[in-house]
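Position 91 of the sequence shown, counting from 1, maps to 73 under the numbering used here, and the rest follow consecutively.
The beta carbon of each residue, even a glycine, is placed where N, CA and C say it ideally should be.
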Amino acid sequence: MHGKISKFLMVPVLALALSACGINSVPTAEEQAKAKWADVESTYQRRADLIPNLVETVKGFAAQEQDTLTAVVEARAKATSIQVSADDLGDASKIQEFAAAQGQLSQGLGRLLATVESYPDLKSNQNFLALQSQLEGTENRINVARRDYNEAVRQYNTTIRTFPDIIGAKIIHGAEPMEPFTATTEGADEAPTVAF
């Protein structure tokens, strides 16, 4: 009878021990980080979607700024061509390549928006004002999404490196650290100023 009771008690103790070894916490933290990366991509895509309208609006008023407009369009094309899947979140070079392309686009947008100062009619155009407002909001969303992603990566990386979750992370999941989003170009960690 004593052997049956100890076997009966051993099952919940074993289940508790396994649950504390990263069986659930590692994939939960990983999925959270992947979801936050999707938010980063989504906000950058929103910005990329606004750019053609912004360029067309500025083009109507500032034809002589063709070089700046072309640079923004080219930077947008490059930024949207670089894709980082959830499986690539541990690859520092892919994250840096993505960040660099987005940083170049931010710089190009900054130059484009700076040229607007020379065109008072453009600064008062309702379409431009609406786009400016949307772009400003999107830049803020990008900063929030990057911050949230980095926090999720920090939590995931901490989970897979600390006891007892490291047991499940290494033995069961083969978990590898993920890369945080870091600015790779000067000033890329700050949203462009959109003030007119």
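A residue is called buried when at least 16 other Cβ atoms come within 10 angstroms of its Cβ; residue 29 meets this threshold and is buried. When the Cα atoms are used, residue 158 and residue 55 turn out to be separated by approximately 36 Å.
With at least 16 other beta carbons inside 10 angstroms of its own, residue 139 counts as buried. Between residue 147 and residue 8, the beta carbon gap of about 6 Å places them in contact (Cβ cut-off 8 Å). Membership of residue 59 in the alpha helix (DSSP H) is indicated by the continuous run 48 to 63. Under the criterion of beta carbons closer than 8 Å, residue 44 and residue 117 do not qualify as touching, at roughly 16 Å. Counting along the chain, no alpha helix (DSSP H) covers residue 71, and no H or E run does either. Boundaries for residue 99: no alpha helix (DSSP H) harbours it, and the DSSP string shows neither H nor E there. Across the structure, residue 5 and residue 87 are spaced so that their CA atoms are roughly 41 Å apart. A distance below 8 Å separates the beta carbons of residue 163 and residue 132.
Pairing residue 114 with residue 36, the inter-Cα distance amounts to about 8 Å.
For residue 42, the uninterrupted alpha helix (DSSP H) run begins and ends at 7 to 43, by DSSP.
Annotation: the continuous alpha helix (DSSP H) that includes residue 133 extends over 108 to 143.
By a beta-carbon distance limit of 8 Å, residue 71 contacts residue 15. Their separation comes to about 7 Å.
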